[in-house]
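Trainee: So that we are looking at the same thing, I have put the structure below in structure tokens.
Chains as they are written, first to last, in the working numbering: chain A, 282 to 591; chain B, 17 to 445.
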């Protein structure tokens, strides 16, 4: 299994993805590779840049989707494997669920594993999950499940019923103005430089009327708007609906529920859905304040020297 | 602890001007200095060392970090008068009054000025955020090479400056857009809003006509009356205006430029003192500051109807009244800042709503009704205009005078502020 101590470079992987696209000829199974990346130090300047682009406060606490971008190169490496059934170009990120077990801080060294699982039908083709896990000293602190769709023939019957009329957005609603260059900005900090996000011309080449926002940026921005309202441990699960064509003005609803928050992002004028999901807060605290203090103290002392090669 | 009463000696303001009107070239410091000098002239405070001057502005240039102290230094007050800046959005003017009154009550100072100023004409414009990042990086660079490398990141589009926007940072909506939701949620009609707006203009015009404002205002830059005032305002005329806020709600949109306050420039100041200080200086006492309360609502994630951006005074009021064992009937004058006619009417509705008052205010029933004959009897912000931080000083000075002219009584003030905050206070004479 590929075991890395430094993240793979994305550019060669993208070139590989583009060049080898036609070689991925389907198949009914996913590779069982497990990619691991050990003991990653957090670059404070990179963290601050990410926080700024996503609307987070500059802080030592890692936003939950920050860990996603650290694991992202492993996902790309996996999806560009020769045995992977689909070409990476053209895959659609349809959902993401992140569970944060506790606050992860920039002084900690985080290790990642990524694998693919659960190839299954989708009404518009086939879908599978990329499962990522982050650990600190062997303790699972974060897990993520990203669901991707490969459009094509489906064995699952399409729901013929017309799309149900959307209920009005719940609770207090905020307006979010998304600048036209957000795809380039987020691409810069995340490394996800998919051409559909970068420029209108490159997006048009892939059939979009203009550049579209990264789904994971929208998720990060929506969670950032809950600043001060979220505990250290929670699950944030979202489905990405219609792409956000840039620039955009969005209407963001985050409404409090018994067990957390419901999230609902739509076009401010069009009313079209872009993101729907929830934040679920565990009923009982997963750690006592005493444990937390101990964990924070322990982390810097355990810093191990960084290995140089894979 | 022994406390004493804080007396309101009087006030002074400049007429309020519409944005980009007669005060287009006046800075906050220009207007605040002129207002302080008017107060000095009215009460003979030349070269007087006061306990302090507390003032603030909502829209502020970074160079105005010491706006109030700089204004004091340029005024005819003694240069030995200390000063500090306060900012609580539209609550600033009333909050400074509370601060100065509290110090007088505690015996820490004998006299002080509470003031506020705002300009929407001479607004600060910042450099583009990206350009700012590049310039700061260049500034941090330790070598010429590193500096040039940083400066090479400058791009033409970064020359577009950042102009302050009138919207809440967390919701991206302007105050008017927020209030449009509140207005609809509380079922406030267009007619009721236009009636309130017309009454505001008619009352303020009548107050000018009978000379009520003569010793509250000092003319400035050719203006001797509030520029926004329309003495001939009527429900019919206001009814012809088309909606300005909440247009997304179609037919439900009721807020127009007529029943909303316009962007305004101006300043207002209030002189407070101990009884002893006022007597020594042979100055009158118009009224006393009694008590105040502030509240805040979660307009970002709270209930769309009950936690509206400008609803915080609804929550502050019962706490203030209970602590002072008073009800609306115990007051002779009630001043509710007219950010929008809809704000005043939604506030009144909330206090009359039995279910809401039980659930959200923890009361046994409705807080009560405000007698409209006591409400904003000399007009308020819809007619005068609303230079954010100046509104508190305008209301405190005129209410103190109303109580004095009335031969005594109690007055209540309610002011909503950005950030979902609200300040309420009691005066008596």
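No residue lacks a Cβ here, since even glycine has one placed at the ideal position from N, Cα and C.
Under DSSP, the alpha helix (DSSP H) around residue 111 (chain B) begins and ends at which residues?
Mentor: Along the second chain, one-based indexing puts residue 111 (chain B) at 95. Residues 108-121.
Trainee: So, do the segment 87-98 of chain B and the segment 138-157 of chain B have three or more beta carbon pairs nearer to each other than 8 Å?
Mentor: no
Trainee: Would residue 457 (chain A) pass as an interface residue toward chain B - the criterion being a Cβ-Cβ separation below 8 Å?
Mentor: Counting from 1 along the first chain, the entry for residue 457 (chain A) is found at position 176. Yes, residue 457 (chain A) lies at the interface with chain B (some Cβ there is under 8 Å from its Cβ).
Trainee: Exposed or buried, what is residue 62 (chain B) when buried is set at 16 or more other beta-carbons lying within 10 Å of its beta-carbon?
Mentor: Residue mapping note: residue 62 (chain B) aligns to position 46 of the second chain, counting from 1. The residue is exposed, with fewer than 16 neighbouring Cβ atoms inside 10 Å.
Trainee: Under 7 Å, CB to CB, which of the residues in the segment 531-542 of chain A have a partner in chain B?
Mentor: 535 and 537
Trainee: My parser needs the alpha helix (DSSP H) runs of 4 or more residues fully inside the segment 278-312 of chain B; what are they?
Mentor: Counting only runs of at least 4 residues, the segment 278-312 of chain B fully encloses the following alpha helix (DSSP H) elements, listed from N- to C-terminal order: 291-296.
Trainee: Hey, does residue 318 (chain B) have any beta-carbon neighbour from chain A nearer than 8 Å?
Mentor: Taking the first residue of the second chain as position 1, residue 318 (chain B) is located at position 302. Taking Cβ atoms only, chain A reaches closer than 8 Å to residue 318 (chain B), which makes this a yes.
Trainee: Pick out the complete alpha helix (DSSP H) segments inside the segment 221-268 of chain B, 4 residues or longer, and give them in chain order.
Mentor: 251-254
Trainee: Tell me, please, whether the CB atom of residue 421 (chain B) is closer than 8 Å to any CB atom in chain A?
Mentor: For the purposes of this step, residue 421 (chain B) is identified with residue 405 of the second chain, where counting begins at 1. Residue 421 (chain B) does not count as touching chain A.
Trainee: Should residue 527 (chain A) be labelled buried (16 or more other beta-carbon atoms within 10 Å of its own) or exposed?
Mentor: Translated into positions along the first chain, residue 527 (chain A) becomes position 246. Buried.
Trainee: Determine the chain B residues that contact residue 502 (chain A) at a beta-carbon separation under 9 Å, and present them in chain order.
Mentor: Here residue 502 (chain A) refers to the residue found at position 221 when the first chain is read from its first residue. The premise fails here: residue 502 (chain A) is roughly 12 Å from chain B at the closest Cβ pair, so nothing lies under 9 Å.
Trainee: For a test of the three-state rule: what should DSSP assign to residue 125 (chain B), helix, strand or coil?
Mentor: Locating residue 125 (chain B) in the second chain gives position 109, where the first residue counts as 1. Three-state result, residue 125 (chain B): coil.
Trainee: Any Cβ of chain B within less than 8 Å of the Cβ of residue 453 (chain A)?
Mentor: Taking the first chain and counting its residues from 1, the one referred to as residue 453 (chain A) is at position 172. Yes - at least one Cβ of chain B is within 8 Å of the one on residue 453 (chain A).
Trainee: Determine whether the beta carbon atoms of residue 387 (chain A) and residue 343 (chain A) lie at a separation below 8 Å.
Mentor: In the first chain, residue 387 (chain A) corresponds to position 106, counting from 1. In the first chain, residue 343 (chain A) corresponds to position 62, counting from 1. In this structure, residue 343 (chain A) lies closer than 8 Å to residue 387 (chain A) by Cβ.
Trainee: Would you mind telling me which residues of chain B sit closer than 7 Å to residue 338 (chain A), beta carbon to beta carbon, in chain order?
Mentor: Here residue 338 (chain A) corresponds to residue number 57 of the first chain, with the count starting at 1. What residue 338 (chain A) touches in chain B: nothing, since even the nearest Cβ is about 12 Å away.
Trainee: Closer than 6 Å by C-beta to residue 294 (chain B): which residues in its own chain qualify, once you throw out the five before and the five after it? Chain order, please.
Mentor: For the purposes of this step, residue 294 (chain B) is taken as residue 278 along the second chain, with counting starting at 1. Correct list, in chain order: 23, 25 and 301.
Trainee: Using the beta-carbon of each residue, which ones in chain A are nearer than 8 Å to residue 186 (chain B)?
Mentor: Locating residue 186 (chain B) in the second chain gives position 170, counting from the first residue. Those within 8 Å of residue 186 (chain B) in chain A are 455 and 506.
Trainee: The segment 508-530 of chain A: which residues have C-beta closer than 9 Å to a C-beta of chain B, in chain order?
Mentor: 508, 510 and 530
Trainee: Let me check one thing: in DSSP terms, what residues is residue 393 (chain A) bridge-paired to?
Mentor: By 1-based counting over the first chain, the position of residue 393 (chain A) is 112. Residue 393 (chain A) pairs with A:318 and A:415.
Trainee: Give the range of the beta strand (DSSP E) segment to which residue 469 (chain A) is assigned.
Mentor: The residue you call residue 469 (chain A) lines up with position 188 of the first chain. Premise fails: residue 469 (chain A) lies in the alpha helix (DSSP H), 463-471, not in any beta strand (DSSP E).
Trainee: Go through its chain and collect everything with a Cβ distance to residue 68 (chain B)'s Cβ below 8 Å, but skip five positions before and after it.
Mentor: Mapped onto the second chain, residue 68 (chain B) falls at position 52. Around residue 68 (chain B): 97, 98, 99, 100, 116, 119, 125, 128 and 129.
Trainee: Identify every run of the beta strand (DSSP E) within the segment 18-100 of chain B, keeping only runs that are complete inside it and at least 3 residues long; order them along the chain.
Mentor: 22-29 and 68-71
Trainee: In terms of residue numbering, what span does the beta strand (DSSP E) encompassing residue 353 (chain A) cover?
Mentor: Counting from one through the first chain, the residue named residue 353 (chain A) turns up at place 72. From DSSP, residue 353 (chain A) is part of no beta strand (DSSP E) but of the alpha helix (DSSP H) over 345-360.
Trainee: So, using beta-carbon positions, are residue 415 (chain A) and residue 504 (chain A) closer together than 8 Å?
Mentor: Translated into the one-based positions of the first chain, residue 415 (chain A) becomes position 134. Translated into the one-based positions of the first chain, residue 504 (chain A) becomes position 223. No, they are not a contact pair.
Trainee: Under DSSP, the beta strand (DSSP E) around residue 545 (chain A) begins and ends at which residues?
Mentor: Counting from one through the first chain, the residue named residue 545 (chain A) turns up at place 264. First-last of the beta strand (DSSP E) with residue 545 (chain A): 541-548.
Trainee: Please report the residue range of the beta strand (DSSP E) in which residue 457 (chain A) lies.
Mentor: By 1-based counting over the first chain, the position of residue 457 (chain A) is 176. 454-459 is the span of the beta strand (DSSP E), which, as asked, contains residue 457 (chain A).
Trainee: Does the Cβ-Cβ distance between residue 437 (chain B) and residue 188 (chain B) come in under 8 Å?
Mentor: For the purposes of this step, residue 437 (chain B) is taken as residue 421 along the second chain, with counting starting at 1. For the purposes of this step, residue 188 (chain B) is taken as residue 172 along the second chain, with counting starting at 1. No.
Trainee: Using C-beta distances below 6 Å, list every residue in its chain close to residue 398 (chain A), excluding the 5 sequence neighbours before and after it, in chain order.
Mentor: As a first step, residue 398 (chain A) must be located in the first chain, where it is residue number 117. The beta carbon of residue 398 (chain A) lies closer than 6 Å to those of 410 and 412 in the same chain, with the five residues before and after it left out.
Trainee: Whose CA, out of A:360, A:361, A:318 and A:326, lies closest to the CA of residue 390 (chain A)?
Mentor: As a first step, residue 390 (chain A) must be located in the first chain, where it is residue number 109. The residue with the shortest Cα to Cα distance from residue 390 (chain A) is A:318.
Trainee: Use the C-beta contact count for residue 363 (chain A): other C-beta atoms within 10 angstroms, 16 or more gives buried, fewer gives exposed.
Mentor: Here residue 363 (chain A) corresponds to residue number 82 of the first chain, with the count starting at 1. Answer is exposed; the Cβ neighbour count stays below 16.
Trainee: I need the boundaries of the alpha helix (DSSP H) containing residue 368 (chain B), first residue and last residue.
Mentor: On the second chain, residue 368 (chain B) is found 352 positions in, with the first residue counted as 1. Looking at the DSSP string, the run of the alpha helix (DSSP H) that includes residue 368 (chain B) is 357-368.
Trainee: If we define contact as Cβ-Cβ less than 8 Å, is residue 80 (chain B) a contact residue for chain A?
Mentor: As a working mapping, residue 80 (chain B) is identified with position 64 in the second chain. Judged by the 8 Å Cβ criterion, residue 80 (chain B) is not in contact with chain A.
Trainee: Just the chain A side, please: which residues come within less than 9 Å of residue 323 (chain B) by C-beta, in chain order?
Mentor: For this step, residue 323 (chain B) is matched to residue 307 along the second chain. Going along chain A in sequence order, the residues near residue 323 (chain B) (Cβ under 9 Å) are 453.
Trainee: Please state if the CB of residue 42 (chain B) and the CB of residue 136 (chain B) are separated by a distance shorter than 8 Å.
Mentor: Reading the second chain from its first residue, position 120 is the one you call residue 136 (chain B). Reading the second chain from its first residue, position 26 is the one you call residue 42 (chain B). Contact flag unset, no.
Trainee: Mind listing which residues of the segment 187-206 of chain B have their C-beta closer than 9 Å to chain A's C-betas, in chain order?
Mentor: 187, 188, 189, 193 and 197
Trainee: Under a CB-based cut-off of 8 Å, is residue 331 (chain B) close to chain A?
Mentor: Reading the second chain from its first residue, position 315 is the one you call residue 331 (chain B). Chain A, which has no Cβ nearer than 8 Å to the Cβ of residue 331 (chain B), makes this no.
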